[in-house]
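Residue numbers (my numbering): 499 to 671.
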């Protein structure tokens, strides 16, 4: 029993270091991409505002349509039908892809944060079953490549930022 409590005490330090190092990065990401009702994350709020504005280019302006119909009735001519420009389609595609990546990375960050919260037990055990449970947690973390997943989340955010920037260049061009 003494050897198991010694083993668990030593491995607890290692587990806490891993969990803390991953937790710090996740918390910073969640501030950047957080989507909650009370507070929108920096990037999510900006991206959503641009999406709302650019989405208008994908549909006919109702007021313009009414004016065109009235003009056509008085002039007895037909007007050309509404066509969405290719640049508007590309911009919206880039921005909606960016939003999708941002939401996916937020989901990954929340799931990783939850897993890390459960990674370290509240009270360290001293039995052999506690040591087996700890070993199982470590093996599963390695099997699911938890560290790679958590460190890969910023790459998704960077890709989302790149897509947003490319869309912004096209939108302002």
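In this text, a Cβ means the ideal position worked out from N, Cα and C, and glycines have one as well.
Inside the stretch 577 to 641, DSSP marks whole alpha helix (DSSP H) runs of 4 or more residues at positions 584 to 617, 626 to 641, from first to last along the chain.
With respect to the C-alpha of residue 547, the residue from 594, 651, 617, 631 having the closest C-alpha is 594. At the C-beta level, residue 544 and residue 607 stay beyond 7 Å of one another. Rounded to whole angstroms, the separation of the alpha carbons of residue 617 and residue 520 is 12 Å. In this structure, the CA atom of residue 569 is about 27 Å from the CA atom of residue 586. Under the three-state reduction of DSSP output, residue 502 falls in the helix class. The alpha-carbon separation between residue 649 and residue 627 amounts to approximately 31 Å. Per the coordinates, the alpha-carbon of residue 662 lies some 10 Å from the alpha-carbon of residue 591.
Note on residue 506: 16 or more other CB atoms within 10 angstroms of its CB, so buried under the neighbour-count rule. By the Cβ-count criterion, residue 589 is buried, with 16 or more other Cβ atoms from all chains shown falling within 10 Å of its own Cβ.
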